[in-house]
Structure formats: C-alpha cells, structure tokens
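Below is one structure, written out as structure tokens; comments come after it.
Listed below in structure tokens is the structure:
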C-alpha cells in the first residue's frame, strides 16, 4: 500500500502566524471534510479539495471538530471556551460555553448527544436538553470517543488516565497509562480474535498502543510499542488496519495488533490530526492529514493485489499482514498470520513463499499420514520450512521445489532456500511476466515474457535461456499448453495471440483481450477474458467460441472451472463445455467429444454422448460415457451390440437393437424391415409379448408374411400358459370365442376381476357361460361382477339376493318398484337388518309389508325392552301392537279354529290386557317418579283404582302382575290421591294394604305415618266419588276386590283411557242369528214411528201402566220431557226387562231398529274371530268415541290429547294421518 496525494491546502497566515490544524472530521457520507485551522473552521470538498466554507465563529484557536451520525450537524470547539453547533449548510445553530478551553469533541453515533472535554469538566449536550450536563474531571481531558453502539464514552486525560463512562457520564472503568492519552478510537476486531466485541484502542505519549475491552480489561496480545508519541489514530473501513500520526512527522500504517506495516506519509512537521475517509464517496480509501503548519492534505491509499496461483491453489494477502491460502475446488481456506507487512507471495505445488520487508519465509504442505484417505492435493496444513533472514529487493518472486527465483528488471536470480545464489540470467529486455511450468525438482522450467515481446523458456539447471516466440509487442500475460506445443499471450495492445512452439508462427489472434490461460487438462482448450466483460473459451479448431459474462481477469483454467480475479477476490467460474462437445458430436468426432466431456460436463451431457456414440456404433466411447454415469443397463446394451457387431451384423440392425432398447419399437421394426429382416422386425414385438402389434405390423408391412399372424396367435397362447399368465391366456381364449375355456381357466385360478371383465365380452346368447360366471362370482362374493352377470341374464331374483347380501337397500327397493313379486325376498331381510341397527319401528313396518310372523318376536322384544327401561307408555303401545299382530295370525275360519288358534287368541287377550295395565301404570309411574306432574288428581285417582282392581283380578286368576308394575307404587298413588279428594276410607285401606306388602325401608316409615294420620280422619268417602252403575243405577264402592264391574248387576265399567272416568255405556249383545254386519245396518236405519219407545210413551200419556218383562211401570203425568228423561234414563226402556244379576243384555232386530245410531257405540276388531261389541249410550250429553285402538274416550279429551302429543293413544300413528278415522268411529254428540 502506498499514499498518493490527491490534494493539499495551506490556509493563509494571520498576523504573520501560521494556523495549526488541530482537528479533522469527515462527514458520514464522505463528501465534506471539516478542519480546525487557527481560529477558523474550514469546510472542504473531500474529493476535489475545493474550499466550500470558512467559518469564523471562534475568537481563538479551534481545537476540535466533529460531525454527528446523520451528517446534518457538526460542532467545533476552541480555546475561547465555546462550542458552536453548525448545520449542514454551515449556518450557526447554537452555542454554549465552558469555563475552560475546549480540548476535544465527539458526537454519539446513535443519538444526537455531544460530548465536549475541557481542563476541568466533561460536557454532555443533546438537542432535547435546555442546558449542558457537566461532569467534573480530575485531570485535563485531551481526547474523547464514543463506542459504535453509543452506550460507552471513553475520555483520555493528560495524566494518563482513560475513563470509560456510560451515556450519562458516570464512570464504569478506569485505565492508567504512562503518558497523556492523546488519542482514543473504538472499533471491532475484524478477525474475531477475541470475543470481547468492540474494543478501545488507546495511544499514549509514552509511545504505547494498548487495547482494552469495554470493561477496562487489557488485551495484552494486541498491545505494542510505537516509534513515537501518537497524536492521532484512525481505523480503516472494517477495522482491519489503523493509521497512526505523531511526533515523528509521519503517518504510518499498523495492523490491529499495533505492528507497523509501512510508512504512508512523511510531512516534515508534527502531524496533529489524521482521519481515514469513511469510504462512501471515493473509489479508493483516502486519509486526511492535518499538520502543525496548518497544511491540510488528502491522500489516496493505493493497495496493490499481492497474490499467487498454482493450478487450483490460490494464495493472497489480506489485511496487509496475513496470507490466505484458498483451495478453489474444495473452497477450503487457511490463514497464515505473518504479523508484518507482506510484500510478495508465490505458490508452487507444496511450497509457499512469503516475502516480508526483512525476510522470506518458505512454507511446506504437511504430508498426510495416509495419502489414500487424505490426498496431498487436498491438504491445507502449511508448516514453516525455512527462513531467509535478510531483505531481498525484486519486482517478481517465484518459488520452486528447492529454489527461489527473484526477478529484477532484466535479471533473474536463483537462490537456494538457505540464501545461496546458484545461478543468474540476464535477458534482453525488462521481464513483464514469469510463470513456473514445472519439472523435476531443481530442474523446473520458467516461462518468461519480456517487454520487447520476447517469450523465453528458462530451465533452472541450464544457464542459457531458450527463445520460444518473438512477438514484437510487450507481453502482458502469458501461458503455455499442457504438452508445451502452443503458447498463448496477451500484449499491451490487448490482443490475444496463439503461437505454435514448433513453427514459431502465429496460429490465431483476437482483439480486446485482458488475460489468457490454457486449460491444465487439455492441450487444445484455452480461455481469455475481454475488456468488454466477456469470457471466451476456444476449443482447438472449432469455429464457434463459448462465451459468457465475466467481471475480472481470468488467471487459471482447470477442467470446466475458470479462476477469475475480481478486484481482490478470486472467483471460481463454471465454464459450460457442452457446446464444444455437441459440435464434436455433430462432426462425428466422438473421441474429441469424449475428451471435452472428461473436462467436466453434466450427467445429462454424458448420457447424450453415450447415446450418440452408441447410435453411430462408437462402442468404446459409449462404454466410457455410460461408465461415468454408472448406467449398468446401457453398459449391458453396449456389450450386446459389440457381440452382434463381431458376428458381422449390419449397422442398421444394430441401430434397430438400440431403438428397441430405448422403447422405440415401431422405429426399430421399420428399420429392420427396411434392412430386409422382417423376421427380426416381428420378433421385436413377439419378444415383448405384444402379439397384436406384431400381427398388425406383419399385415401392414409384411406383404408376403401374412401367415405369420396365425403363428403369432399360437405363440401367444403357448407363452401365456408357460408363463402362467392365466389372465392373458383367458383373454386369448375370449378373442378366439372360446368363452367356456376362458371362464374355466379364470375360475380355477380365482381371478375374479379378470372374470368380471370377461363378462363384457360374452354375448347374452351364451346363457350357460353367463350363468356359470354368475354362480362362481356369487360363491366368491364378488358382488359387483355378479350383479353384472345377473343383469345380463335377466335374473332379477338373484339380483335381489345380491342387493340383500350387500345391504344395498336403495338398489333393492328400486328393483322392487319394477318387480313387485320380489317383496318376500327383500322386506324380511330389510326388517332383520333394521333390527340389527336398532331401528325397531321401521323393522315392524317392514315385517308388516313382508307379511311374515316375525313381527311377534320383535314386538315382544321391544315391549320387554321398554319395560326394562321403565318406558311403560311405549310398552303399552308395543303390547297393543302385539295383540293386533296376534289377531292377524289367525287365518282359519272362526268356526274351524283349532287348539293352536285358541292359543293365539289367548295370546291376543293377554297382550291386550297387558297394554291396558301398562297404559294406566304409565300415568302412575310418571306421577310417582317425577318431582312435578301435570296430571289431574282425579285422573290419577281413577287410574290407580282401575289398575289396582285389574291387578286383583290377575291375583285371583293366579296370574302374576306384569313385569315392572309395582303394586306398592299403585297403592301409594291411590292413597295420596284419595286423601287429596276426600276418600278417607279408601285412603286408610290403601295405606293398610300397602304396608302388608314388602315396602322399601325408606318408604315404610312415611307410609306408616300416613296410615296413622288417615285413621284419624272420618271412615267415609266423598259421595261424589262413589261410582254409579249406568245399568242398574246402583252406587258401588270405590274398590271392588272382584274386579272393575258393578257389585249389583256385574255390568263391567267402561272407562275412558285418558281420564279413567266411568263412562255412561252399557254393553249389550245381539241375538245369535243376527250378524255384526246386519246389526250395524239395523242401527244405521231410521227408527220407525211405531216402535217400542213410541208405544211406551203413548201408554204413559194415556195413564195406563205398561208391563214389560213382568215389571209394572206407573204413569207419571209430568209431560213429554219427563217421559223422555225417563226413557233416556232407563226407567222406561227395553233394557230394564233384563236387569237380573249377571244376565247379559240381548236385543232383537226390533230393538236395534228402535235405537238411533248416536245411541250406540260399536267396537270392531281387525279379525272375525273377535265379534263386534255394542254399547248403549246412557247419557247423550257426554260426547264419546271409540279410538282407532279400540278403547273408549270422551271425544274432546281424545282430540285434545292427539293434538298435544301428535299421536293417537296406544299407537305410534300420527293424529294427522288418522284424523278421518276418528270421525268414522261414530262419535256421539250431545
């Protein structure tokens, strides 16, 4: 590195005194330079040196200037105790003062905080503060510096103290030096030699340079002794180097550990200020120098590239004192710290020579212990071999295996590694270029280019240089090919020329070149860089050059990689050699193409070379190409082609073999046919077992070979059987219309999918084959294929069975819509599936549609499940449905019933009775088990009475109570509701009977208490609660232990199954000779005017007595209304003649005709085995009806309940669906 003066300026004297430049500062963008000269502040254009502004705000010497971080402000401080802040336009912004002279200034690089040092204090000011914060100092502050992150402030004092402070000025660490700490600088360690982060470098007037961490700890390995007292220090960009100016009147360049590298400037006067340009405004680094005589100078620091290259090993200088060896292929790097200025470098094979100012050190690669595992070519461990401890003056230096060769002007000097001179050569002109060509140790050859254009070869063991070429223009760059037969050079006219060594004649040239290099792996390939930013690759005599963009100079070329120097960096460029290889392939020069490929091409290019060489029967090149990519299949093909060629086979047939191997069978067959080998063309397809394609090809191109088609079919059959490819064999049988054999073959080997595909080829006329296919597929449960076979056969019953097996119910019902006769096949299976899914109601409907008896078992199961879950309402519904199902099972005529039919009829009765029991118990269970109930007390009272009497009947018949029905719960409900309604006698009875039974322990005590309380009540029941028989008008007890009928006439009480009230109905029967249909018809007739009722009325009106059935009826002359009331009330009625106890009321046709239709309710059953039941309405004011379930209800309550629940009682039928049937059950209106 050397300093080149850019500009200098000496401010004029003032009053005969030269102004001293104490301080310099570059703006952050590097465009301006501020200098304190005398009492003025001078602002220069940093690059041009033009004086932009002269600022005269100070009255005394300006000691310090400083720019802030963004460059919008700068400050100056002087001996007039004043600090002035200036804008970037050099306008004064503000001023503040200290009590003493300002010695130093520094802006915080992150904030706008300004630090100013004086003899007595340290000032800290920022724009947001109204005043300056001052910190007292014990000694005069002569230097100040902020850390890069703005968190630490260092102050240097004249007593040698260096204090590290925080942003507020508080002391954090104190450092003691042996002299005034005149210069401070913060900066990183570029090589990360320490983990200390940013460090402080202190230059003190005891000629010491020391480095400290932010905590004040000294890094002693980076400290050093200086040649003079440092007045100013400044780091280069990145902190790699440091410029030091001092009392020795020079600016010297130092490494970061303080080692002096070289002298940059010698001014002849003390230098007080030195600042390195921030590097953003100039191409080359610059340094500004301020002297004691007021001179301000700016120098360019010109750095020459010191480097060396040998094949793929590149060595270069870094940070002026380090050598970095870079292996360009592996990208491994090794740094050698020389700790002094490195002047020149040379590398050759395993040797590395480094020239320093006072010595030359020779390094040698360490030989690996196991060269097989660690090749010496990849080793990166250099060890010092020897040192020549004396300065050597030369312009070029190269190292060989045993010598150093120095070049100075026209002379070459060869030294041994111990410094002895062995030989010297003197050439005709100045040496411009020198390169070691290699050779035996001690006998290496050198290639030398001269300024007069001469190119010489010098051998170390030969005192006479050998002239190779006389070019005539100064040589700038030079190289020789691998076999030493061609020389390429670039001259000062930027022409690249190639010479033949043998003839010394120019073979080729091109303008606009900057450097050239032969490929170290090929004789005929070279590359050169051009001044237009291009890299050209010339391959032998190929007309087209390979080119690509390149920045820099090519210095080496190995294989497919070019080594290019870009500024100070070496770049490895991948050179595409594929175009050259393709040009050779086009010329059918496969050996040359292989040579180019060996230098480095992609795998796809190797394959391209192998395929093209194989096509042209260049088998040696093809084999080498496929070996490179490890393609065993292609290598096998090459060997096969070689054997065929040795047998004398024509080239066209060899190419056909290649095409067939690549899968291009059509082209291969046509090539064989064109070569007259039709048999081989057909064999291509037959070998592939593509017999159809072979037959088609034979028919198209065979002409005289049509007989081969039949042969192909036969071969195909034989091959399929031999290869045990049953599917292919079956397909062949199918094409031959031998469907039976195809089916037998596929069935034997259970190839069901192939059998299914075969169905599409079998005509519908082959019913036997189709039926056999369907049977086999059904047995194998191949349902999809079986369906196809059954469809082709038209076997819809079998198809229904498949749908049932596969649970494809949608398909099954779609089929059922078209074929109604399949219902027995589908509905039972569907119902059983619904049972498995737990969809019982749907299963019942399915069984009903199926017409089978399976519904009985389902209903029994459903009813039992509902009882187990205490869903007694559902249980009642299921038992009612079960009773109906029992009736449906009776298929014989009523007069021909046998014992089995009677058992079914008994089962009907049991189920019907169970449904009524569970229906009533559902009311009681809901009221007893739930905390609240909406049921009326009278409803629960009547329900519990009805249920208890029914349970007593079962007990008397020695039948158990229905499962789940608790008598204690019934009696508890009866007792509670009796108390609520005033039936105290019945309540006492209920409590007593409940306590006789087994009662839970937690319920017994409350029951006993309730029983005792009931005994304290009157032993009577409310009269309005006691039931009256509508037949005999006798008052009955609330509980009849014999059953729910009149204790006087044994007429059964007919109850509403919603309120369980005793309805005004009296049952009667018709004469045996009157059928149900006739009875209903007679009731539907309009009563005649002369009937029993009218005659009785007339007799009463005449005052005569009427005797009917032996009973005398006296006339009561109260008018027609009273007579009608008596008739309606039964006082004058044919029924009164049959009131003997236990006698069934029978009526004849005359009575049926006399009764109006609205006076009779008819209950019919869905089976003729249970006759219709007739009931006389005894109170026409109570509207009643018979529900679809066969029970009696008060009409209003029936309709209201249906609307509330949405269902009719005892059924799961929607009220909306059966509303019309309600009307058809002959309701009675008032």
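Numbering (the working numbering), first residue to last: 6 to 1235. The C-beta atom is built at its ideal place from N, Cα and C for all residues, glycine as well. None of the values given here were measured: they were computed from a predicted structure.
Of the other Cβ atoms in all chains shown, fewer than 16 fall within 10 Å of the Cβ of residue 572; this residue is therefore exposed. Looking only at 358, 81, 213 and 923, the smallest Cα-Cα distance to residue 403 is reached by 358.
With a minimum length of 3 residues, the unbroken runs of beta strand (DSSP E) contained wholly in the region 1144-1208 fall at 1165-1168, 1178-1182, 1189-1191 and 1197-1199.
Per DSSP, the unbroken alpha helix (DSSP H) holding residue 977 starts and ends at 972-986. For residue 420 against residue 408, the beta-carbon gap comes to about 6 Å, under 8 Å, which counts as contact. When secondary structure is reduced to three states using DSSP, residue 1079 falls in the coil class, being assigned neither helix nor strand.
Secondary structure of residue 235 (DSSP, three-state): strand. Apart from sequence neighbours up to five positions away, the residues of its chain that approach residue 240 with a beta-carbon distance below 7 Å are 190, 192, 247 and 281, ordered along the chain. In terms of Cα proximity to residue 204, the closest of 182, 228 and 959 is 228.
For residue 1011, the enclosing alpha helix (DSSP H) covers residues 1006-1020.
Distance from the Cα of residue 511 is smallest, within the candidate group 541, 477 and 1023, for 477. Look at residue 346 here: in three-state DSSP terms it is coil, with no helix or strand label. Just so you know, the alpha carbons of residue 1007 and residue 861 end up roughly 40 Å apart. The beta carbons of residue 643 and residue 676 sit about 19 Å from each other, so the pair does not count as a contact at 8 Å.
The criterion of a C-beta distance shorter than 7 Å is satisfied by residue 501 and residue 521. When the beta-carbon positions are compared, residue 184 and residue 148 stay at least 7 Å from each other. Residue 1053 carries a coil assignment under DSSP once its states are collapsed to helix, strand and coil.
Bridge pairing for residue 169: 159 and 178 [DSSP]. Close CB contacts of residue 435 within its chain, under the 7 Å cut and outside five residues either way in sequence, are with 414, 415, 455 and 456 (chain order). Beta-bridge analysis with DSSP links residue 1067 to 1060. According to the DSSP assignment, residue 271 belongs to the beta strand (DSSP E) that extends over 265-271.
Assigned with DSSP and collapsed to three states, residue 516 falls in strand. Using a Cβ-Cβ distance cut-off of 8 Å, the region 907-925 and the region 878-895 are in contact, since at least three pairs of beta carbons, one from each stretch, lie closer than that value. Looking only at 173, 284 and 488, the smallest Cα-Cα distance to residue 242 is reached by 284. If you draw a 10 Å sphere on the C-beta of residue 626, you find 16 or more other C-beta atoms in it, and that means buried. Distances from the CA of residue 806 to each of 976, 941 and 783 were compared; the closest alpha carbon is that of 783. Looking at the DSSP output, residue 1032 shares a beta bridge with no other residue. Contact between the region 106-120 and the region 141-155 is present: 3 or more CB-CB pairs across the two stretches fall below 8 Å.
One thing to note: residue 1069 has its Cβ no nearer than 7 Å to the Cβ of residue 954. The region 341-356 and the region 40-54 do not touch, with fewer than 3 CB-CB distances between them shorter than 8 Å. Between residue 570 and residue 580, the gap from beta carbon to beta carbon reaches 7 Å or more. By the Cβ test, the region 34-41 is in contact with the region 72-87, since at least three Cβ pairs between them sit closer than 8 Å. In its chain, beyond the 5 residues on either side, 13, 14, 15, 16, 26, 29, 38, 40, 42, 47, 49, 293, 294 and 295 have a beta carbon closer than 8 Å to the beta carbon of residue 301. In this structure, the alpha-carbon of residue 589 lies about 6 Å from that of residue 597. A straight-line Cα-Cα distance of about 12 Å links residue 69 and residue 237. With contacts defined by Cβ atoms closer than 7 Å, residue 127 and residue 142 form a contacting pair.
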